[in-house]
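In terms of the UniProt record's numbering, the sequence shown is residues 1 to 261.
Reviewing the structure listed below.
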Amino acid sequence: MNIKGKWSLITGASSGIGEQFARQLAKEGSHLVLVARSERRLNTLAAELTRGYGIQSRVIPLDLSAAGAAGELYQKCQQLNLEIDLLVNNAGFATHGLFEKVSGERQHEEVMLNVAAVVDMTHSFLPGMLQRGAGAVINVSSTAGFQPLPYMAVYGATKAFVLSFTDALWWENRDRGVQFFALCPGSTETNFFNVVGTEDASVGTKDTPERVVAVTLRAMKKGKQYVVPGLRNYLGAQISRFMTRRQSLRLVGNMLRPSKQ
């Protein structure tokens, strides 16, 4: 898909992978709708990219974990007469620790943002893409989506949902002009672990968000269905296929066990 002169909407755009999507898509000439909770960061980024690449940008500060937020965002885009041709569902966060010791309210927000918002956003913006016969949706899953994660049970389950959901919609829409694509990064140098509150959730060498997004856009242009950036991450994501479920749980559980319980 040629994104030049078209509108891309990116959630979680204020930092990390979301910010890199904004930067690299702007470089390709895409206009941007930037969504996150931090209006100040979004305004700074929007001004820089508009000035640097001559694109248009709109900032919509919003907490997508709130009920009805996706519908509110869609209505704002309608009011601004914006046709979204590329939707990047990137916003999300993780929790870490023994399930019963993690705040239930926080885990509920995790499900609402990582799962419900992705479904609601897709419901809102897909019909317009289908009507125009063109468009794309990038859903950010994770290597966590390939196997259950002890001590990150909710996060792993949400990312497994995103991967399964994206695969299914890729098949449904493969001949309808709309491309679905799942990005499944491993540990990446973002604010992710600051939000989690511990480095115990990190596995292996961290990739850079710049490389993760560059790999994603190249893979999409080749018509791929999903990508796991980094050979080591890819092999790690596939290893559970060659182990029993209990063996996989033992391996991952030992990696993610909290240093303090």
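Even for Gly, the Cβ is constructed at its ideal location relative to N, Cα and C.
Note that the coordinates shown come from a computational prediction; the quantities given were computed from them, not determined experimentally.
(request) Assign tryptophan 7 to one of two classes, buried (16 or more other C-beta atoms within 10 Å of its C-beta) or exposed (fewer than that). (result) Sequence index remark: in the sequence shown, residue 7 carries index 7 (1-based). Per the 10 Å Cβ criterion, buried.
(message) Give me the residue from Pro185, Val118, Phe180 with the minimum Cα distance to lysine 222.
(response) The residue labelled residue 222 in the question sits at position 222 within the sequence shown. Considering only alpha carbons, the answer is Phe180.
(request) Please state if the CB of methionine 152 and the CB of leucine 256 are separated by a distance shorter than 9 Å. (result) Here residue 256 corresponds to residue number 256 of the sequence shown, with the count starting at 1. Here residue 152 corresponds to residue number 152 of the sequence shown, with the count starting at 1. Yes, Cβ-Cβ distance for leucine 256 and methionine 152 is below 9 Å.
(request) Label serine 259 either buried or exposed according to how many other C-beta atoms from any shown protein chain fall within 10 Å of its C-beta, with 16 as the threshold for buried. (result) Position 259 of the sequence shown, counted from the first residue, corresponds to residue 259. Looking at its Cβ environment, which holds fewer than 16 other Cβ atoms inside 10 Å, serine 259 is exposed.
(message) Using a Cβ-Cβ cutoff of less than 8 Å, which residues in the same chain neighbour glycine 128 once the five nearest sequence positions on both sides are dropped?
(response) Position 128 of the sequence shown, counted from the start, is the residue given in the question as residue 128. Hits under 8 Å: Glu83, Ile84, Gly135.
(message) Below 8 Å on the Cβ atoms is my contact criterion, and I expect tyrosine 155 with threonine 95 to pass it. Report the Cβ-Cβ distance as a whole number of Å.
(response) Indexing the sequence shown from 1 puts residue 155 at position 155. Indexing the sequence shown from 1 puts residue 95 at position 95. That belief holds up - the Cβ atoms of tyrosine 155 and threonine 95 are roughly 6 Å apart, short of 8 Å.
(request) Tell whether a beta-carbon distance below 9 Å holds between phenylalanine 146 and alanine 237. (result) In the sequence shown, the residue the question calls residue 146 occupies position 146. In the sequence shown, the residue the question calls residue 237 occupies position 237. Yes, the Cβ-Cβ distance between phenylalanine 146 and alanine 237 is below 9 Å.
(request) Inspect the beta-carbon positions of alanine 36 and glycine 18 and report whether they are closer than 9 Å. (result) As a working mapping, residue 36 is identified with position 36 in the sequence shown. As a working mapping, residue 18 is identified with position 18 in the sequence shown. In this structure, glycine 18 lies closer than 9 Å to alanine 36 by Cβ.
(request) Please name the residue in Thr143, Gln225, Pro185 whose C-alpha comes closest to that of arginine 174. (result) One-based indexing of the sequence shown puts residue 174 at position 174. Minimum Cα distance to arginine 174 is reached at Gln225.
(request) Take serine 15 and list the residues in its own chain whose beta-carbon comes closer than 6 Å to its own, dropping the five residues that flank it on each side. (result) Taking the sequence shown and counting its residues from 1, the one referred to as residue 15 is at position 15. Here the set comprises Asn191.
(request) Could you tell me whether any non-hydrogen atom of the ligand ZN is closer than 8 Å to the CB of glutamine 147? (result) Only the bare structure without any ligand can be found here, which leaves the ligand ZN out of the picture.
(message) Cutting at 6 Å between CB atoms, please list the residues of its own chain near tryptophan 170, excluding the five before and the five after it.
(response) Taking the first residue of the sequence shown as 1, we reach residue 170 at position 170. Closer than 6 Å at the Cβ level, and outside the excluded window around tryptophan 170, lie Phe180, Gln225.
(request) Return the CA-CA distance between alanine 46 and arginine 132, expressed in angstroms with no decimal places. (result) Here residue 46 refers to the residue found at position 46 when the sequence shown is read from its first residue. Here residue 132 refers to the residue found at position 132 when the sequence shown is read from its first residue. So the two alpha carbons sit approximately 27 Å from each other.
(request) Using the Cα positions of leucine 149 and alanine 69, report the straight-line distance between them to the nearest angstrom. (result) Against the sequence shown, residue 149 aligns to sequence position 149. Against the sequence shown, residue 69 aligns to sequence position 69. If I take the Cα positions, the gap works out to 28 Å.
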